[in-house]
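Chemist: Each position in the sequence shown, counted from 1, maps to that position plus 83 in my numbering. Ideal placement from N, C-alpha and C gives every residue a C-beta, glycine not left out.
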Amino acid sequence: MTATASTGQADVVIVGGGAAGLATAIFTARRAPDLHIVIVDAAPKLGAKILVSGGGRCNVTNVRVTPRDFNGGSPNVVKKVLAAFDERRTVEFFRELGVSLHEEDWGKLFPDSNDAHTVLKALIDETRRLGVRILERRRVVRVEPQADGFLIATQPAGPPPLTNPPTFADPAAPRDDGTWLARRVVLATGGQSLPKTGSDGFGYELARRLGHTIIPTTPALVPLLLDGDFHIPLSGIAQDVEIRVRVEKDRPVRIVGPLLWTHFGVSGPAVLDASRCWHRAVLDQRPVAVTINLLPGKDLAAAEHAFLDLAARQPRIAVATALSSFVPARVADAIVKELGIPARITLANFDRTARRRLLTAILDWPLPVRDSRGYNFAEVTAGGVPLNEIDPGTLASRRCPGLSLVGEILDVDGRIGGFNFQWAWSTGYVAAQHLAELSRS
Ligand SMILES: Cc1cc2nc3c(=O)[nH]c(=O)nc-3n(C[C@H](O)[C@H](O)[C@H](O)COP(=O)(O)OP(=O)(O)OC[C@H]3O[C@@H](n4cnc5c(N)ncnc54)[C@H](O)[C@@H]3O)c2cc1C
Numbered sequence: 084m085t086a087t088a089s090t091g092q093a094d095v096v097i098v099g100g101g102a103a104g105l106a107t108a109i110f111t112a113r114r115a116p117d118l119h120i121v122i123v124d125a126a127p128k129l130g131a132k133i134l135v136s137g138g139g140r141c142n143v144t145n146v147r148v149t150p151r152d153f154n155g156g157s158p159n160v161v162k163k164v165l166a167a168f169d170e171r172r173t174v175e176f177f178r179e180l181g182v183s184l185h186e187e188d189w190g191k192l193f194p195d196s197n198d199a200h201t202v203l204k205a206l207i208d209e210t211r212r213l214g215v216r217i218l219e220r221r222r223v224v225r226v227e228p229q230a231d232g233f234l235i236a237t238q239p240a241g242p243p244p245l246t247n248p249p250t251f252a253d254p255a256a257p258r259d260d261g262t263w264l265a266r267r268v269v270l271a272t273g274g275q276s277l278p279k280t281g282s283d284g285f286g287y288e289l290a291r292r293l294g295h296t297i298i299p300t301t302p303a304l305v306p307l308l309l310d311g312d313f314h315i316p317l318s319g320i321a322q323d324v325e326i327r328v329r330v331e332k333d334r335p336v337r338i339v340g341p342l343l344w345t346h347f348g349v350s351g352p353a354v355l356d357a358s359r360c361w362h363r364a365v366l367d368q369r370p371v372a373v374t375i376n377l378l379p380g381k382d383l384a385a386a387e388h389a390f391l392d393l394a395a396r397q398p399r400i401a402v403a404t405a406l407s408s409f410v411p412a413r414v415a416d417a418i419v420k421e422l423g424i425p426a427r428i429t430l431a432n433f434d435r436t437a438r439r440r441l442l443t444a445i446l447d448w449p450l451p452v453r454d455s456r457g458y459n460f461a462e463v464t465a466g467g468v469p470l471n472e473i474d475p476g477t478l479a480s481r482r483c484p485g486l487s488l489v490g491e492i493l494d495v496d497g498r499i500g501g502f503n504f505q506w507a508w509s510t511g512y513v514a515a516q517h518l519a520e521l522s523r524s
């Protein structure tokens, strides 16, 4: 097939213009400027997820990114992909685009402008500068392999995907913008999180029809809903905790960091990081329990030592007041009430059994998780296309020649801190090196 720059024909069609799709386009076009590259994106607004990320500031990457920051498929594959384009190259890449980054807590890197628009604009400007064509508000409804490439059917975005997408009875018939003929296709369709930004999970269906399997998906980095009403009066309070997720027969997962009490349950970075583990356990129908240590870093001996020290100095204070030296006052009140400790009892009258009961409880306080807030509030999707179905050196599909897969559609999800975008940049880079070889063929 001879690709020309005329409408309907391209060397590479990238399905999805989020972080991974834009990165793939930029790195391919830089390496092979002669290739005709088209991005097709269904969203009402390109890059909407970049704009909402990091609280509207876009946590672009982290100062230190390792395979341990990711869940899902093989850490060796993740390592190889990250090594090809690591966090330092990300910083350099954005500096070249005029976006300098600065470090904040937990090694997170944000644009100096503190505005995600800067990041998105830089990516789109560079994509356009390189001559990549961007088709917005068009949904890819079908990708069909041909002898020498792919036929790609698109529709104006808005209506849901066709249940019976068009067939290609006559590939030689003239086509308009709705159908594309491409030598290579890249699926950069993201996952299912925040579907209103365009990534509604249909990309998995496209991958499945092209021969891939899909590891069942769940929301990840998502707030958790709690049963009961303990959390309700605490809404708005943030505190550091150690979350423990105990899944039958597994070693407990421990995550230290901030927790935010809310009217529906709990949120905050530590909770978001723990949410994946809860969801995967439920998916696998394995019993799971979530608890928090309200005195992170302390065991019973250390907590008791601190409590006795306070009792020696201030024996006449109430137990709730004493507890408020260690946790926020409203949390201390709620705990004392929940455990039925009389409001007026002082440390002097609080015997060893009662003290141990209190301390044991706050070191492993149960969170009665009912569910999560789901994909509408999840930052990322766990599960997706298994890594053993792609070549880790090129991100080319092992199931469908000519297809590549990048970004969140793959079975990799990072913890909070800029890791998911790093995965998007790194996969885009790796896929591009392979796609660029087309210009020589
Ligand atoms: C609220 C929120 C905050 C976040 N904050 C951060 C952060 O600060 N740092 C971080 O590292 N990560 C963050 N993430 C995660 C990060 O945004 C994603 O992991 C990343 O954007 C994934 O990039 P992607 O290109 O693979 O997918 P997406 O960004 O989801 O892009 C996929 C694109 O494909 C398009 N598409 C899908 N199906 C079709 C189709 N059939 N036809 C045409 N187009 C299609 C969609 O319209 C979409 O534009 C956040 C996520 C959310 C939801």
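Give the range of the alpha helix (DSSP H) segment to which L406 is assigned.
Modeler: Run containing L406: 402 to 406, per the alpha helix (DSSP H) assignment.
Chemist: Run through DSSP, which three-state label would S509 get?
Modeler: Reduced to three states, the DSSP call for S509 is helix.
Chemist: Can you tell me which of E325, D188, L129 puts its alpha carbon nearest to the alpha carbon of L450?
Modeler: Comparing Cα-Cα distances from L450 to each of E325, D188, L129, the minimum goes to E325.
Chemist: What does E387 pair with, by DSSP beta-bridge criteria?
Modeler: The partner list for E387 (beta bridge, DSSP) is empty, contrary to what the question assumes.
Chemist: Using only the alpha-carbon positions, how far apart do D529 and T464 sit?
Modeler: Nothing can be reported for residue 529: it is not among the residues displayed for the chain, which extend from 84 to 524.
Chemist: Evaluate contact between the stretch 406 to 420 and the stretch 370 to 378, counting only Cβ atoms and requiring at least three cross-stretch pairs below 8 Å.
Modeler: Short answer: they touch.
Chemist: For the alpha helix (DSSP H) holding H185, just list the boundary residues, first then last.
Modeler: From DSSP, H185 is part of no alpha helix (DSSP H) but of the beta strand (DSSP E) over 184 to 186.
Chemist: For F540 and A515, I'd like the C-alpha separation in whole angstroms.
Modeler: With the chain covering only 84 through 524, there is no way to say anything about residue 540.
Chemist: Report yes if the C-beta distance between K191 and N142 is below 8 Å; otherwise report no.
Modeler: Yes, the Cβ-Cβ distance between K191 and N142 is below 8 Å.
Chemist: Taking only the alpha-carbon atoms, compute the straight-line gap between H517 and S509 and give it to the nearest angstrom.
Modeler: Approximately 13 Å between the Cα atoms of the pair.
Chemist: DSSP three-state label for L343, please.
Modeler: In the structure shown, L343 sits in a strand (DSSP, three-state: E or B).
Chemist: When you compare only the Cα positions, how much space is there between F504 and P335?
Modeler: In a straight line, the C-alpha of F504 is about 27 Å away from that of P335.
Chemist: Within 10 angstroms of the Cβ of E186, are there 16 or more other Cβ atoms? Answer buried if so, exposed if not.
Modeler: When all chains shown are included, E186 counts as exposed.
Chemist: Distance check for I235 and R258, CA to CA, integer angstroms please.
Modeler: Annotation note: pLDDT 47 at R258 (below 50); position unreliable, coordinate value reported separately. Rounded to whole angstroms, R258 to I235 spans 11 Å at the Cα level.
Chemist: If you compare alpha carbons, which of F193, A461, E472 is closest to D283?
Modeler: Measuring from the Cα of D283, the nearest candidate turns out to be A461.
Chemist: Would you check whether ligand 1 has a heavy atom nearer than 7 Å to the C-beta of R222?
Modeler: Answer for R222: yes, Cβ within range of ligand 1.
Chemist: Output yes or no for whether 8 Å exceeds the beta carbon distance between D124 and G281.
Modeler: In this structure, G281 lies closer than 8 Å to D124 by Cβ.
Chemist: If we count the other Cβ atoms within 10 Å of its Cβ and call it buried at 16 or more, is D152 buried or exposed?
Modeler: Buried is the call here.
Chemist: Would you say the stretch 482 to 492 touches the stretch 94 to 107, given that touching needs at least three Cβ pairs under 8 Å?
Modeler: The stretch 482 to 492 is in contact with the stretch 94 to 107.
Chemist: Do A417 and A401 have their CB atoms nearer than 8 Å?
Modeler: No, these two residues do not count as a Cβ contact at 8 Å.
Chemist: Just grab the DSSP bridge partners of L264 for me.
Modeler: Answer by DSSP bridge pairing, in chain order: Q92, L234.
Chemist: Looking only at C-alpha atoms, which of N197, T210, I492, V96 sits nearest to G261?
Modeler: Taking only the C-alpha atoms, the option nearest G261 is V96.
Chemist: Tell me the start and end of each unbroken alpha helix (DSSP H) in the stretch 425 to 487 that is at least 4 residues and wholly inside, in chain order.
Modeler: Fully enclosed alpha helix (DSSP H) runs of 4 or longer: 435 to 446.
Chemist: Whose C-alpha, out of S183, Q92, I133, P116, is nearest the C-alpha of A102?
Modeler: It is I133.
Chemist: Three or more C-beta pairs under 8 Å: does that hold for the stretch 442 to 456 against the stretch 357 to 371?
Modeler: They touch, by the three-pair rule.
Chemist: Between the alpha carbons of D94 and A240, how many angstroms are there, rounded?
Modeler: Their Cα atoms are separated by approximately 23 Å.
Chemist: Hey, would you say A112 sits closer than 8 Å to V268, going by beta carbons?
Modeler: No, the pair does not count as a contact, with Cβ atoms beyond the cut-off.
Chemist: Rounded to whole angstroms, what is the Cα-Cα separation between R327 and R399?
Modeler: Their backbone Cα atoms lie some 34 Å apart in a straight line.
Chemist: Give, in chain order, every unbroken run of the beta strand (DSSP E) that is at least 3 residues long and sits entirely within the stretch 184 to 215.
Modeler: Qualifying beta strand (DSSP E) stretches, in chain order: 184 to 186, 191 to 194.
Chemist: Counting only the same chain and skipping the five closest in sequence on each side, list residues whose C-beta sits under 6 Å from that of L213.
Modeler: Here the set comprises A112.
Chemist: With a threshold of 16 other CB atoms inside 10 Å of the CB of E331, please say whether the residue is buried or exposed.
Modeler: It counts as exposed.
Chemist: Using only the alpha-carbon positions, how far apart do T404 and A431 sit?
Modeler: Whole-angstrom Cα-Cα distance: 13 Å.
Chemist: Work out the CA separation of E179 and A384 for me, nearest whole Å.
Modeler: For A384 and E179, the distance between alpha carbons rounds to 53 Å.
Chemist: Identify every residue that forms a DSSP beta bridge with R171.
Modeler: R171 pairs with nothing; no bridge assigned.
Chemist: When you measure from the CB of G348 to every non-hydrogen atom of ligand 1, does any distance come out below 7 Å?
Modeler: Checking the Cβ of G348 against ligand 1 gives no.
Chemist: Quick check on Q238: buried or exposed, where buried means 16 or more other Cβ atoms within 10 Å of its Cβ?
Modeler: Burial call: buried.
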